[in-house]
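Asks: Dropping a structure here in structure tokens format, bear with me for questions.
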Amino acid sequence: MTGRWAHPCWWAACLLALLLHGPAPARALPDAIRIGGLFHPDDDHQEIAFRYAVEKINSDRTILPRSKLLAQIERISPQDSFLASKRVCHLLGVGVAAIFGPQSSHTASHVQSICDTMEIPHLETRWDYRLRRESCLVNLYPHPSTLSKAYVDLVAAWGWKSFTIIYETNEGLVRMQELLKAHGLSDYPITVRQLSDSGDYRPLLKQIKNSAESHIVLDCSTERIYEVLKQAQQIGMMSDYHSYLITSLDLHTINLDEFKYGGTNITAFRLVDPENPEVAQAIHNWTIGEARLGKKVDFKTAVSENVTVIKAETALMYDAVHLFAKALHDLDTSQQIDIHPLSCDTQDTWPHGYSLINYMKIVEMRGLTDVIKFDHQGFRSDFVLDIVELGPQGLRKSGTWNSTSGVNFTRTYGEQQKEIVEILQNKTLIVTTILSAPYCMRKDSAEKLTGNSQFEGYAIDLIHEISKILGFNYTIRLAPDGRYGSHNKETGEWDGMIKELLEQRADLAIADLTITFDREQVVDFTMPFMNLGISVLYRKPVKQPPNLFSFLSPLSLDVWIYMATAYLGVSVLLFILARFTPYEWENPHPCNSEPLFLENSFTLLNSLWFTIGSLMQQGCDIAPKAVSTRMVAGMWWFFTLIMISSYTANLAAFLTVERMDSPIESAEDLAKQTKIKYGALRGGSTAAFFRDSNFSTYQRMWSFMESARPSVFTASNIEGVERVVKGKGSYAFLMESTSIEYVIERNCELTQVGGMLDSKGYGIAMPPNSPFRTAISGAVLKLQEEGKLHILKTRWWKEKRGGGSCRDDTSKSSSTANELGLANVGGVFVVLMGGMGVACVIAVCEFVWKSRKVAVEERVSLCSEMASELRFALKRNRAQPKHAGSGGTLRTASSRASPKDSASEPSSEHGRFHPLGPPYAQYEFDPKAVP
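According to mature numbering (1 follows the signal peptide of the UniProt record, and there is no 0), the sequence shown holds residues -28 to -1, 1 to 903 in order.
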């Protein structure tokens, strides 16, 4: 069966119709695309940015060339969420593609809820910590957590150890959350304080001032910043030592002329650069456009007549409109977009809403707030912030921050220091000090002096030289309590000059102020202008009278004993070897070729006489002949050569140098005894050194000082010096070596005992975070390199105020040799007289002994024999007739010997005979005895 469906012509006609008509064409974007803007009554600048962004896009034919944007603006109250909901529904009813604003968090939450329901893109330009990834919201404001990281990085770059956070609302605590987390529990505490609603912030600021905190993070609305800073200035918290980090991105919109000459470091981040040509051109166009409409909008009056500024949220609104237009343009190239009215009473949604939102989150563009792009979660976490600081020329860019590399300061360190030096020019600094010679002393003058002219000293000259280099003026004030500065652990307070700095009643503290760890924690120090250490001040040792037997001093007692032993040993050895060797036996009468006896000269007495003669370098009438005895003699002579040379060389020093008897030679000697008391300055760095030391010797010394009664601590160094002088050796004072040098230059009774116990330095102290630290340290370094520090020390240590008084005594004692008095060599005379006396006693004993022996032999009385011998000894000639009428003139060596003695073995005064034949007698011939 055939019909029209099977007819080939019918199919051809249908195909032709399809080819002619084709599919229905895709509908393009409407000619007018409405976007809604919700603004509060005081959002004039944002409304202007919104409108002129629309005009800019409409005039740019590269974006949405076939469509125009229409701005549907609605004004709502910041607190009227019901009205805001109605206005949103009205905008949806006219068919808007997106809704911008509002800025109030109270109304924005309701707007966002409706947009999420209707799937309409909602664009915001405000700070909001409640961002959700799945919502229809696109927020161009920097993400809260990333912005908080910028504060963390900047605080870390500054090296702030402690700071105070001042916040206005609870949202401020959320902004500071990352900063609080970054500060560990072991770090210094962070103080968090909230601004009151009364508008009087002075009580709060006074509490912060009393806490000595100088680092402040201020988180409040832009409208409150000026008033907070103004009241801080009124109570003295806008000084050179205070630093403020303002969390607002709109600090550049505030007039800060009243604070730019105060030296306070006021820093903030900036999202919009007013010097950017695009920003300046946009503001210029807005101003002219409003003027054509008869409206006056001035973007210059906020800060300066020469700079145009806008807030970050205003610029973000302008960029938000451009972001929407670009995303809509890109979406139009990929799919058909239908924009139609929606009703809040129905369940209808806009099917292209999420697609447009996704396009906005992947679009990357450059606007008034630099590059705009979003991360994978749809948040603006990658952005660049300018770091601006307030200086004499106003706010200036000092660096940048980005989420990748963090803080990058563009101003060099040299430029910053140059600005600080410029600030110091003609600035008057308060200098605190204490009276401590030779650093600061009152001038001796008959007239009453006032001001800086009443002081003189090393520290006064030093600060004067520094002021000439840096160009500042100064006023010197004495610390009220006259103390250097110590920490009371019970109260936690400091005293002295450190307290003056902490309470910012002084800008500098210059004296013999030691740089210690505890002080460094609370104040800043320059590089040391003088290096020193702790040492002991004590009286000079008393000169001891020379010892009577000082000639024995060159050799110790054990050496003398060893020498005596060596003398006896060598003598005995020589005697033994001389008898042992055959070459020491000789013929007493060379004419007799066959002697009966041989003679040995080295008897025990002769051996002793030989060695003592060699030792005294006088020689002897006998000499060794055998090789063995000569070896002994040679070695003994070598020994005596070395010993006598050493003795002679050392004897000169012992006889000419006067010995000084000192009971202590070092701090260790002090610690080992308890007879001599010792102490230090109460509350000074020296006492702190012993108190905090872990070395056992110093711990023992500190325990001794603490337990000593009466107290060994003094109120000043002068009191300590006087106590040493009056103590007459019973007290030693521990103080800095430089102060000891000054004292001993003027008091010749005192001296420094031992070396230095530690190494430290004196520095110029300043309040914490002082901007002048580097500049003043540089001035000190310059003075050191030029040698002026050495000149100042020489002037005040050795020239002025009695310096050099003890130099003459030292030069005399070192340049001329001491003459030797009887006290130095008296012992030699004693030995001489003693030896003579002993010799006389021995001679008398010999005389008596010989007389008694002869008297027995001759059978005469002892007295007559002694008289006869005495007459013989006193005669001019020595001839003596024999007893019993004997008239012979020859006297034998044994003339009065008994027959028994004559028959015994012959002997000689020169040695013993070796028997070789019959005995014979030796005679002495006296020619004068012959008549």
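Every residue, glycine too, gets a C-beta built ideally from N, C-alpha and C.
Since the model is a prediction, treat every value here as computed from it, not as a measurement.
(1) Please state whether the Cβ-Cβ distance between L95 and M332 is less than 9 angstroms.
(2) Which residues in the same chain have their Cβ closer than 7 angstroms to the Cβ of L55, if we skip the five residues on either side of it in sequence?
(3) Smallest Cα separation from Y456: which of L473, N445 and P93?
(4) Using only the alpha-carbon positions, how far apart do N559 and V599 sit?
(5) What is the rounded straight-line gap between the Cα of K202 and the Cα of I712?
(6) I want to know whether the region 199 to 218 touches the region 725 to 737 - three or more CB-CB distances under 8 angstroms.
(7) Please check the pair S709 and L504, which I expect to be a contact at CB under 8 angstroms, by giving their CB distance rounded to whole angstroms.
(8) Sort out for me which residues DSSP pairs M707 with in a bridge.
(9) If you run the structure through DSSP and keep just helix, strand and coil, what is C412?
(10) Which of the three DSSP states is assigned to F72 in this structure?
(11) DSSP state of F381, grouped into three classes?
(12) Hey, could you find the ends of the alpha helix (DSSP H) I690 is sitting in?
(13) So Y714 and W769 are in contact, right, with Cβ under 8 angstroms, and what is the actual spacing, rounded?
(14) Throw me the rounded Cβ distance for the V403 and D479 pair, which I believe falls under 8 angstroms.
(15) Beta-carbon within less than 8 angstroms of M413's beta-carbon, same chain only, minus the 5 sequence neighbours each way: which residues are those?
(16) For Y290, which residues does DSSP report across the bridge?
(17) Would you say H187 and F135 are within 9 angstroms of each other, going by their C-beta atoms?
(18) When you compare each of F72, L755, R695 and K121 to W373 by their alpha carbons, which one comes out closest?
(19) Would you call N111 buried or exposed, if buried means 16 or more other Cβ atoms sit within 10 Å of its Cβ?
(20) According to DSSP, is Q724 part of a helix, a strand, or is it coil?
(21) Helix or strand or just coil, what does DSSP make of A875?
(22) Specify the secondary structure class of G366 as computed by DSSP and reduced to three states.
(23) Write down the C-beta distance between F574 and F547 rounded to the nearest angstrom, noting that I regard them as a contact closer than 8 angstroms.
(24) Bridge partners for R449 per DSSP, in chain order?
(25) Should A252 and Y290 be called a contact, given that it needs their Cβ atoms to be closer than 9 angstroms?
(26) Would you report the Cα separation of L653 and G235, rounded to the nearest angstrom?
(27) Hey, how far is the Cα of G454 from the Cα of T463?
(28) Look at the Cβ atom of T173, then the Cβ atom of V146, and state whether they are nearer than 9 angstroms.
(29) Just the C-alpha distance for E841 and V810, rounded to the nearest angstrom, thanks.
(30) Whose C-beta lies closer than 6 angstroms to the C-beta of G65 among residues of the same chain, with five residues either side of it excluded?
(31) Comparing alpha-carbon positions, which option in C87, T341 and S53 lies nearest Y113?
(32) Would a C-beta distance cut-off of 9 angstroms place T118 and T321 closer than the cut-off?
(33) Roughly how many whole angstroms lie between the Cα atoms of R672 and G468?
(34) Would you mind working out which of N227, S168, S170 and A184 sits nearest T194, comparing C-alpha positions?
(35) Have a look at V604 and A595 and give me their C-alpha separation to the nearest angstrom.
(36) Starting from Q179, trace the alpha helix (DSSP H) both ways and give me its first and last residue.
Replies: Answer, in terms of the structure:
(1) yes
(2) I48 and S49
(3) L473
(4) 19 angstroms
(5) 51 angstroms
(6) The region 199 to 218 makes no contact with the region 725 to 737; the number of CB pairs closer than 8 angstroms stays below 3.
(7) Right, their Cβ atoms sit about 5 angstroms apart.
(8) S507
(9) strand
(10) strand
(11) strand
(12) N689 to G699
(13) 5 angstroms
(14) Yes, they are in contact, since the Cβ atoms of V403 and D479 sit about 7 angstroms apart, within 8 angstroms.
(15) L407, F427, E428, G429 and R773
(16) As computed with DSSP, Y290 is found in no beta bridge at all.
(17) For the pair H187 and F135, the CB atoms are nearer than the 9 angstroms cut-off.
(18) K121
(19) buried
(20) strand
(21) Bear in mind that the predicted position of A875 carries a pLDDT of just 38, short of 50, making it unreliable; the figure below should be weighed with that in mind. Helix.
(22) strand
(23) 6 angstroms
(24) Note: R449 sits in a beta bridge opposite T404.
(25) no
(26) 38 angstroms
(27) Each residue's Cα considered, the two are about 20 angstroms apart.
(28) Note on identity: in this sequence residue 173 is Tyr, with Thr being the wrong assignment. No, the pair does not count as a contact, with Cβ atoms beyond the cut-off.
(29) 21 angstroms
(30) P313
(31) T341
(32) The answer is no: Cβ separation not under 9 angstroms.
(33) 28 angstroms
(34) N227
(35) 12 angstroms
(36) R174 to N182
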